[in-house]
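J.: So the protein sequences, as listed, match chains A and B. Residues 2 to 270, numbered by our numbering, are exactly what the first sequence covers, in order. Residues 209 to 489, numbered by our numbering, are exactly what the second sequence covers, in order. We put the beta carbon where it would ideally sit given N, CA and C, even for glycine.
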Amino acid sequence: MSWGLEHVSVDVDRAPALIDVDATVAPGEVLAIVGGDGAGKTTLARTLVGLLRAKTGVVRRPESTRIGYLPATSGVWPDLTVTENLAFVADVHRMSRQDRASRVHHLLAVTELTAAADRLGADLSGGMRRKLGFAMALLAEPDLIVLDEPSTGVDPVSRADLWALMTAAAVGGAAVVFTTTYLDEAERARSICALEAGRVLASGTLGDIAASVRGEIVDRRSDGSRSWRRGRQWRTWRPDGSIPDGSARIDADLTDLLVAASLAAEEAM
Amino acid sequence: MIAKLDRATKHFGAVVAVDDVSFEVRPGEIVGLLGANGAGKTTAIRMLLGLADPTSGTVEIFGAPASRDSLRRVGYVPQGLGLYTDLTGRENMTFQAGVFGFEPLEAPGDVAAWWDVTVERMPLGIRRRVAFEVALGHQPDLLVLDEPTSGVGPLGRARLWDTIHAASEAGVGVLVTTHYLDEAEQCDRLIMMSAGRVVAAGRLEDVVAGGTAVTVETEYWQHVSDLLIRSGLRAYVTASGVRIPEGDPDQVERLLVDAGVTAAVGVDRATLDETFVRLSR
Numbered sequence: 002m003s004w005g006l007e008h009v010s011v012d013v014d015r016a017p018a019l020i021d022v023d024a025t026v027a028p029g030e031v032l033a034i035v036g037g038d039g040a041g042k043t044t045l046a047r048t049l050v051g052l053l054r055a056k057t058g059v060v061r062r063p064e065s066t067r068i069g070y071l072p073a074t075s076g077v078w079p080d081l082t083v084t085e086n087l088a089f090v091a092d093v094h095r096m097s098r099q100d101r102a103s104r105v106h107h108l109l110a111v112t113e114l115t116a117a118a119d120r121l122g123a124d125l126s127g128g129m130r131r132k133l134g135f136a137m138a139l140l141a142e143p144d145l146i147v148l149d150e151p152s153t154g155v156d157p158v159s160r161a162d163l164w165a166l167m168t169a170a171a172v173g174g175a176a177v178v179f180t181t182t183y184l185d186e187a188e189r190a191r192s193i194c195a196l197e198a199g200r201v202l203a204s205g206t207l208g209d210i211a212a213s214v215r216g217e218i219v220d221r222r223s224d225g226s227r228s229w230r231r232g233r234q235w236r237t238w239r240p241d242g243s244i245p246d247g248s249a250r251i252d253a254d255l256t257d258l259l260v261a262a263s264l265a266a267e268e269a270m
Numbered sequence: 209m210i211a212k213l214d215r216a217t218k219h220f221g222a223v224v225a226v227d228d229v230s231f232e233v234r235p236g237e238i239v240g241l242l243g244a245n246g247a248g249k250t251t252a253i254r255m256l257l258g259l260a261d262p263t264s265g266t267v268e269i270f271g272a273p274a275s276r277d278s279l280r281r282v283g284y285v286p287q288g289l290g291l292y293t294d295l296t297g298r299e300n301m302t303f304q305a306g307v308f309g310f311e312p313l314e315a316p317g318d319v320a321a322w323w324d325v326t327v328e329r330m331p332l333g334i335r336r337r338v339a340f341e342v343a344l345g346h347q348p349d350l351l352v353l354d355e356p357t358s359g360v361g362p363l364g365r366a367r368l369w370d371t372i373h374a375a376s377e378a379g380v381g382v383l384v385t386t387h388y389l390d391e392a393e394q395c396d397r398l399i400m401m402s403a404g405r406v407v408a409a410g411r412l413e414d415v416v417a418g419g420t421a422v423t424v425e426t427e428y429w430q431h432v433s434d435l436l437i438r439s440g441l442r443a444y445v446t447a448s449g450v451r452i453p454e455g456d457p458d459q460v461e462r463l464l465v466d467a468g469v470t471a472a473v474g475v476d477r478a479t480l481d482e483t484f485v486r487l488s489r
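Okay, here's the thing in structure tokens:
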């Protein structure tokens, strides 16, 4: 059984926010939803957990007590302490006393919040609030974990810990979906769904996405708007697949592939 | 030299925010200043802009401490962009032109369609482009950018970097603060800070060169990562298998053999994030 969206369209404030989106994730897998601000990432996450209703299409999700969700806004109660925030989630999910104590202890340790256990949510730094929200989403070992920009505002050292926790949850059998604006982060996931203006720009494994981009990407600059820079090097998308003299095709990474896919989408409009 | 910190140190009471830091930005160069929150990046930049005095050491732009005159040669785009959101792009440009005393510029091709729209109604990528155009209007020699492409999609990000590279090719020195690889890889040189000190500097390849990670390519990644984590290793799952930063390939191989798993064990260079973790400890 996999969870996710099939041909889903969603309106927000009567304007289309998602248009015919497919994004599914199986237990044990990690799916990255990547795109810029306004691409539809948060709408997708909220639709997946049941906070927004699909206008058309099918949304498959487990019952709500089997879902862990980290909203883009912190999802932490400011007037509860760190421990109380976790206890509240444990109550909602009816966790046993024994489970709860060992899970809370473990999650506080790996998110480095043990020393802050008695601090109020309101008194945490942005990064600490993010980590607490993350711990709350993972606490009850849900079947589906949806994390909306878990790494935003979190420093690189903590980011590594969060990634390890997230993949450990997948190893434990959960289906994990996270959103990000950063492509190097998305590239670590087995499966990627890139959104732009509410539509799926490209999706699948890195190999699937490479196969879906028409033509070739080469290592020289050319005239027109189909060239971009990676550091001091140039890339050019050649939709007809021809490789000019003096150029060579490159093994494109996710950044190059999505720039080419965006150019293709822009030219098709 | 456009910007230079020489053994700069800044104390706030008992806290040492910047500790014996030296680096410089030359004309035409894009330098990335990397560091976690609280690493000292913001204090270093505030000293460059003359907003904080070093406790010891020297901080100079254009060969002297920051002054009203030298700051006229600096363009600064903060993360919040510093635009007036209820004004249009054109009005923001006109305002900046009045402050700095230059002729307001027209918008470049792909921003032109948005030039007479109020900033609050622009998509984020366009808003960032407009902030660059406004900050570049007085033809500064030093451009300071705080996470310049944060929140922007892949094509928007490529176009923002086009603008930054074009400025650097025209001779502008650029100092970018960030902690993301997507941005760091666009810089000529990186300065990595942790706890107020410079912990690595050089090209991206040089900065990550000190570290490695063991990789295990396997379709049984759930089983393998579970096994390695139970053995006390810091393993995490990636798209192609399992990765163990700073791991010992022989130890990993042995654990796999003992468990009867056959998988390809290799050694890869560390990623930027893994380097952050290694150098921040």
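(1) Just mark M209 of chain B as buried or exposed, buried being the case when its beta carbon has 16 or more other beta carbons within 10 Å.
(2) Indicate whether the contact test is met: 3 or more Cβ pairs, each with one atom in the region 201-219 of chain A and one in the region 239-246 of chain A, closer than 8 Å.
(3) Could you check whether the Cβ of G221 of chain B sits closer than 7 Å to any heavy atom belonging to the ligand PLP?
(4) Check whether the region 445-456 of chain B touches the region 417-427 of chain B, taking contact to mean three or more Cβ pairs, one atom from each stretch, closer than 8 Å.
(5) Would you decide whether T293 of chain B is buried or exposed? Buried here means 16 or more other CB atoms lie within 10 Å of its CB.
(6) Below 8 Å on the Cβ atoms is my contact criterion, and I expect L289 of chain B with I269 of chain B to pass it. Report the Cβ-Cβ distance as a whole number of Å.
(7) Take every Cβ of the region 372-389 of chain B, pair it with every Cβ of the region 53-71 of chain A, and state whether three or more of those distances are shorter than 8 Å.
(8) Any Cβ of chain A within less than 8 Å of the Cβ of Y284 of chain B?
(9) Who are the near neighbours of G127 of chain A in its chain, counting only those whose CB is closer than 6 Å to its CB and skipping five residues on each side?
(10) If we cut at 8 Å on Cβ distances, does S204 of chain A have a partner in chain B?
(11) How far does the alpha helix (DSSP H) with K42 of chain A in it extend, from its first residue to its last?
(12) Hey, is A69 of chain A's beta-carbon within less than 8 Å of any beta-carbon in chain B?
(13) Assuming P312 of chain B contacts T302 of chain B (C-beta within less than 8 Å), just tell me the rounded distance between them.
(14) Express the C-alpha separation of E113 of chain A and D163 of chain B in angstroms, rounding to a whole number.
(15) Between which two residues does the alpha helix (DSSP H) containing R98 of chain A stretch?
(16) Counting only beta-carbon atoms, is D185 of chain A nearer than 8 Å to chain B?
(17) Do D144 of chain A and R67 of chain A have their C-beta atoms closer together than 8 Å?
(18) Closest Cβ-Cβ distance between L207 of chain A and chain B: below 8 Å?
(19) Quick one: give me the first and last residue of the beta strand (DSSP E) that W235 of chain A is part of.
(20) For the candidate residues A:G199, A:H106 and A:D80, whose alpha-carbon lies nearest to that of G37 of chain A?
(21) Could you list which residues in chain B have their beta carbon closer than 7 Å to that of T115 of chain A, in chain order?
(22) Who are the near neighbours of T115 of chain A in its chain, counting only those whose CB is closer than 7 Å to its CB and skipping five residues on each side?
T.: Short version:
(1) exposed
(2) yes
(3) In the structure on display, the ligand PLP does not appear, and there are no ligands present to speak of.
(4) yes
(5) exposed
(6) Not confirmed; about 22 Å, so no contact.
(7) no
(8) no
(9) G154
(10) no
(11) K42 to V50
(12) Sequence check: residue 69 of chain A is Gly here, not Ala. Not closer than 8 Å to any Cβ of chain B, the Cβ of G69 of chain A fails to qualify, so no.
(13) 5 Å
(14) As displayed, chain B neither begins before 209 nor continues past 489, which places residue 163 of chain B out of reach and without an answer.
(15) R98 to V111
(16) yes
(17) yes
(18) yes
(19) Q234 to R239
(20) A:G199
(21) Within chain B, no residue comes near T115 of chain A; the closest Cβ sits about 18 Å away, beyond 7 Å.
(22) L109
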